[in-house]
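Chemist: Chains as they are written, first to last, in this note's numbering: chain A, 7 to 206; chain B, 791 to 1264.
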Amino acid sequence: MRLLIVEDEARLAENIARSLRETAAYAVDVAADGEAGLNAIESNPYDAVILDLMLPKLDGMQVLERVRQSGRRTPILVLTARDDKESVIALLNAGADDYLTKPFDLGELLARAKALVRRGKGQASAALTIDDLQVNTADRTVSRNGRAITLTAMEYRVLEYLAHRPGAVVSKKELLEHLYDYNWEKFSNVIEVYISGLRA
Amino acid sequence: MQPNSIQRRLIATVVLSQSLLTAGLVLTGVLYTYWRLLSTLDTSMQARALSLAALVRYNDNATGDVYFDDTMVPPSIDPARPDVFAVWANRSGLLARSDIWPSNVELSPGGDQHWNAKWGHVPYHVLRMSNVPILDRVEGPLSKGPQTLSIIYASPTVRLRQQVRAAGIIIAVASLVLLVLMAKFALRGVGKGLAPLQTLAEQAALVSTQDWELRLPEEVEQIAEIEPVARSMKETLARLQRSFVQQRDFLANAAHELKTPVAVLKSTLQSLLQRPRSSDEYRTGLNQSLEDIERLERLLQWMLRLARAEQWAHGALRRNLELIDLNANCEEAIERVRSLARSRNTQIVLSRNGPLLLRGDPEDLRLVWTNLLENAVRYSPEGSRVEVDLAQDKRDLARLTFKDYGVGIPSEELPHIFERFYRGDPSRTRATGGFGLGLAIAKALVEAYGGTISAESTPGKGTCMTVQLPLDTG
């Protein structure tokens, strides 16, 4: 899964990104202002976006509106300092899927991001089952017929993405786009290694 | 209805004036009826008195002696209550008296007169006539000469009084009915007339912090009495809305400014705790947290300064003021920003023109100059200069200008720079460490001393801030 964080407070963005990479094994990109965020959303198929409201150049609300106007269905979670009903209602009506008020709990943000990702893929449960294979995205465990399987972080990333799209044919390009951040092309040869590792 | 009600007062006024009118009407009606009936009675009595005179005849002896022919006495005016009369001749004396005569009543002839009397509990109207000629004619002269008559005729006024009373009752009842109708009418009219006030109250109750507009139907708004009320209400609402929006924006901005460093701090600590880290990672995390706390601390300090300045501006904090020379005060502020200026290789040039005395808190004013100077230095290119000029504008006005040759302020931003938390470009000012509060604090303090602050700027060339302060001339 690949997420985008649009946040001008560099340290906050870095903390969220680190958390998402470490505990959810997501690929994470960071944009520091609204314009960069909008460009990134328009040129990459993110599985979810975490969007701050107060941003330089283009504020979060405008980014949200433009993304929805262009017809993109990317799940978006908005970070806001305001928790009054009116602004929350305005946010959701503008096309936000969820929101969190600052200061938030990092664990809650991760759980909400995961929920948005699986909803975006048409899934509801954090525990995915394909035939005899179980993938639990909440605690990142994989088992087959009740027997736990140990995977590397990258192997898990690949498997998690495939498990979210059971029965679908997933191209290598699609996998690359969703599993790596900005510099995915240089990893393009590595993907076969992970796939063969998973097949084994 | 509450005791103090316009409607009630109006209706009371209407009913009271109508009641007075009714009372006057009843009284007039009664008096007029009485007068009319009495004059009719008078006429009838005169006619009867004259017909009594016709009953006085001369004797056949041609002396002039008279007698009263009582066979043709006219009937009483009120058949149920007999009239009373007496006839005298000037020589013959009392000629006749009615059969019924009230006891203990003695009457004598005299001049023409009529009056009311009460004889034996019966009210009478009495008519006295004198020098009434005898109508009977005889042939030839009378040896003792002709005689004249005095007549008293009295008629009971019981019936007249009854009639007057009846008329009075009829007029009073009719007036009362009209009065009640009038009151009802007034009630409805006043109620209808005051209905726009009800509309005004209802619409005013609908005004809320979500919807500040007072909507009145045009026909209500154009009523002469309502129009000024509605207008001043709308003006007040507009003022309230402005300050409400300002406060709300301030709160939203303050929330954002406070919550962001807290969010950063929290996320740093939480991500540190997510898994075991190396001691280097912990050290980095703790150092970052410390920086965030320091930023939070600075922001709190600025916000408290602003709150204090604004309270002071509203006169809530009156302190003991001392006499300050603005020249010295400004020099102290320049000393404070000296190290910042040196680090950017910027020169601060002060030109002074005589003493400028002012009563105030020296720290307040130093804060104003420090804020202006810091901005000037920050937005100047390295190695440039900031010019401070102190002058006496009029006899009682100091004029201080702070001129820099920096980046300037775009004209669309110029009207907003004194607003709280306003920052032209957030990324730029965040890098310089400002919160967008310095100019707001300066403005609040300058205004607290009855002064003004304004800015002129040419983008790319520089900015000039001008402060005018009233001086202590006493």
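For glycine and all other residues, C-beta sits at the position ideal for the given N, C-alpha and C.
1. Would you say B/T999 lies against chain E (beta-carbon separation less than 8 Å)?
2. With a threshold of 8 Å, are at least 3 pairs of Cβ atoms found where one atom belongs to the stretch 820-838 of chain B and the other to the stretch 948-967 of chain B?
3. With 16 as the cutoff for other CB atoms within 10 Å, does B/P899 come out buried or exposed?
4. Run through the stretch 123-201 of chain A for me and flag every whole alpha helix (DSSP H) of 4 or more residues, listed as ranges in chain order.
5. Tell me whether B/S795 is buried or exposed, calling it buried when 16 or more other Cβ atoms sit within 10 Å of its Cβ.
6. Here's the rule: buried if 16 or more other CB atoms are within 10 angstroms of the residue's CB, otherwise exposed. What is B/V862?
7. Quick check on B/S1217: does DSSP put it in helix, strand or coil?
8. Which of helix, strand or coil does DSSP assign to B/M862?
9. Quick one: list the residues of chain A neighbouring B/Q1078, beta-carbon separation under 8 Å, in chain order.
10. Inspect the CB distances between the stretch 29-46 of chain A and the stretch 7-14 of chain A and report whether three or more fall short of 8 Å.
11. Tell me which same chain residues have a C-beta within less than 7 Å of the C-beta of A/V141, skipping the five on either side of it?
12. Thinking C-beta only, is A/A102 closer than 8 Å to A/L70?
13. Using a cut-off of 9 Å between C-beta atoms, extract the partners of B/Q1060 located in chain A.
14. Is there a Cβ of chain A sitting closer than 8 Å to that of B/R1065, yes or no?
15. Give me the chain A residues within the contact set of B/V1035, using Cβ-Cβ distance strictly less than 8 Å, ordered along the chain.
16. Looking at C-alpha atoms only, which residue of B/G814, B/K908, B/V912, B/P864 is the closest neighbour of B/D889?
17. What span of residues does the alpha helix (DSSP H) with B/Y822 cover, start to end?
18. Exposed or buried, which one is B/A844 when buried takes at least 16 other CB atoms within 10 Å?
19. Going by beta carbon distance, what residues of the same chain come within less than 8 Å of A/E41, once the five residues before and after it are set aside?
20. On a CA-only basis, which of A/T86, A/G173, A/T143 is nearest A/E15? Give me that one, please.
21. On the CB-based measure, 16 or more other CB atoms within 10 Å of its CB, does B/P875 come out buried or exposed?
22. Are the C-beta of A/E28 and some C-beta of chain B separated by less than 8 Å?
23. Could you give the DSSP three-state label for B/W909: helix, strand or coil?
24. By Cβ distance, which residues of its chain are closer than 6 Å to B/Q1137, with the 5 residues on each side in sequence left out?
25. Does A/R163 come within less than 8 Å of chain B when only Cβ atoms are used?
26. For a test of the three-state rule: what should DSSP assign to B/E1011, helix, strand or coil?
27. Relative to the ligand NAD, is the shortest distance from any of its heavy atoms to the C-beta of B/E1081 smaller than 7 Å?
28. What does the alpha-carbon distance come out to for the pair A/D137 and A/R79?
29. Do B/T1253 and B/D1186 have their beta-carbon atoms positioned less than 8 Å apart in this structure?
30. Would B/P1007 be called buried (16 or more neighbouring beta carbons within 10 Å of its own) or exposed?
31. So, is the C-beta of A/M60 closer than 8 Å to a C-beta in chain B?
32. Is B/E1172 closer than 8 Å to B/N1119 when the C-beta atoms are compared?
33. My parser needs the alpha helix (DSSP H) runs of 4 or more residues fully inside the stretch 26-50 of chain A; what are they?
34. Going by Cα to Cα distance, which pick from B/A973, B/T989, B/F1208, B/Y1169 is closest to B/T803?
35. In chain A, what lies closer than 8 Å to B/K1056 by C-beta?
36. For the putative contact between A/P172 and B/V1052, defined by C-beta atoms under 8 Å, what is the C-beta separation to the nearest angstrom?
Modeler: Let me lay it out:
1. Of the protein chains in this structure, namely A and B, none is chain E.
2. yes
3. Stepping through the second sequence from its first residue, residue 899 of chain B is reached at position 109. Flag for B/P899 reads buried.
4. Counting only runs of 4 or more, we get 159-170, 178-185.
5. Here residue 795 of chain B is taken as the residue at index 5 of the second sequence, counted from 1. It counts as exposed.
6. The residue labelled residue 862 of chain B in the question sits at position 72 within the second sequence. In the sequence as presented, Val is not what sits at residue 862 of chain B; that position holds Met. The residue in question, B/M862, is exposed, as its Cβ has fewer than 16 Cβ neighbours within 10 Å.
7. On the second sequence, residue 1217 of chain B is found 427 positions in, with the first residue counted as 1. With a pLDDT of 44 at B/S1217, under the threshold of 50, the modelled position of that residue is not reliable, and no figure is offered here.
8. If you number the second sequence from 1, residue 862 of chain B lands on position 72. Looking at B/M862 - three-state DSSP - the assignment turns out to be coil, as it is neither helix nor strand.
9. Along the second sequence, one-based indexing puts residue 1078 of chain B at 288. Those are R17, listed as they occur along chain A.
10. yes
11. Here residue 141 of chain A corresponds to residue number 135 of the first sequence, with the count starting at 1. Closer than 7 Å at the Cβ level, and outside the excluded window around A/V141, lie L134, V148, L165, E166, A169.
12. Taking the first sequence and counting its residues from 1, the one referred to as residue 70 of chain A is at position 64. Taking the first sequence and counting its residues from 1, the one referred to as residue 102 of chain A is at position 96. Yes.
13. Position 270 of the second sequence holds residue 1060 of chain B. Residues of chain A passing the Cβ test: N21, S25, D111, L112, G113.
14. The count along the second sequence starts at 1 and reaches residue 1065 of chain B at position 275. Cβ-Cβ to chain A under 8 Å: yes for B/R1065.
15. Residue mapping note: residue 1035 of chain B aligns to position 245 of the second sequence, counting from 1. Result: empty, since nearest Cβ-Cβ is about 13 Å, beyond 8 Å.
16. Translated into the one-based positions of the second sequence, residue 889 of chain B becomes position 99. Considering only alpha carbons, the answer is B/P864.
17. Along the second sequence, read from residue 1 onward, the residue named residue 822 of chain B stands at position 32. 796-843 is the extent of the alpha helix (DSSP H) around B/Y822.
18. The sequence position of residue 844 of chain B within the second sequence is 54, counting from 1. Flag for B/A844 reads exposed.
19. Here residue 41 of chain A refers to the residue found at position 35 of the first sequence. Its chain contains K63, L64 as the residues whose beta carbon lies nearer than 8 Å to that of A/E41, once the 5 sequence neighbours on both sides are disregarded; these appear in chain order.
20. One-based indexing of the first sequence puts residue 15 of chain A at position 9. Checked all of A/T86, A/G173, A/T143; the closest Cα to A/E15 is A/T86.
21. For the purposes of this step, residue 875 of chain B is identified with residue 85 of the second sequence, where counting begins at 1. In the sequence on display, residue 875 of chain B carries Phe and not Pro. So B/F875 counts as buried.
22. Here the question's residue 28 of chain A lines up with position 22 in the first sequence. Yes, A/E28 counts as interfacial toward chain B.
23. The count along the second sequence starts at 1 and reaches residue 909 of chain B at position 119. In the structure shown, the three-state DSSP call for B/W909 is strand.
24. Looking up residue 1137 of chain B in the second sequence gives position 347. Hits under 6 Å: R1175.
25. As a working note, residue 163 of chain A is residue 157 in the first sequence. No - not a single Cβ of chain B is within 8 Å of the one on A/R163.
26. In the second sequence, the residue the question calls residue 1011 of chain B occupies position 221. DSSP places B/E1011 within a helical segment (H, G or I) once states are collapsed to three.
27. In the structure shown, the ligand NAD is absent, as is every other ligand, since no ligand is present at all.
28. Here the question's residue 137 of chain A lines up with position 131 in the first sequence. Here the question's residue 79 of chain A lines up with position 73 in the first sequence. Each residue's Cα considered, the two are about 29 Å apart.
29. Taking the second sequence and counting its residues from 1, one reaches residue 1186 of chain B at position 396. Taking the second sequence and counting its residues from 1, one reaches residue 1253 of chain B at position 463. Not closer than 8 Å, so no.
30. Residue numbering aside, residue 1007 of chain B sits at position 217 when the second sequence is read from its first letter. By the neighbour-count rule (16 or more Cβ atoms within 10 Å), B/P1007 is not buried but exposed.
31. Residue mapping note: residue 60 of chain A aligns to position 54 of the first sequence, counting from 1. It does: the Cβ of A/M60 has a partner Cβ on chain B nearer than 8 Å.
32. Taking the second sequence and counting its residues from 1, one reaches residue 1119 of chain B at position 329. Taking the second sequence and counting its residues from 1, one reaches residue 1172 of chain B at position 382. With respect to B/E1172, B/N1119 sits apart: the two C-beta atoms are not nearer than 8 Å.
33. 40-49
34. Reading the second sequence from its first residue, position 13 is the one you call residue 803 of chain B. B/T803 has its Cα closest to that of B/A973, out of B/A973, B/T989, B/F1208, B/Y1169.
35. Here residue 1056 of chain B is taken as the residue at index 266 of the second sequence, counted from 1. Those are P109, F110, D111, L112, listed as they occur along chain A.
36. Stepping through the first sequence from its first residue, residue 172 of chain A is reached at position 166. Stepping through the second sequence from its first residue, residue 1052 of chain B is reached at position 262. 42 Å between Cβ atoms; not a contact.
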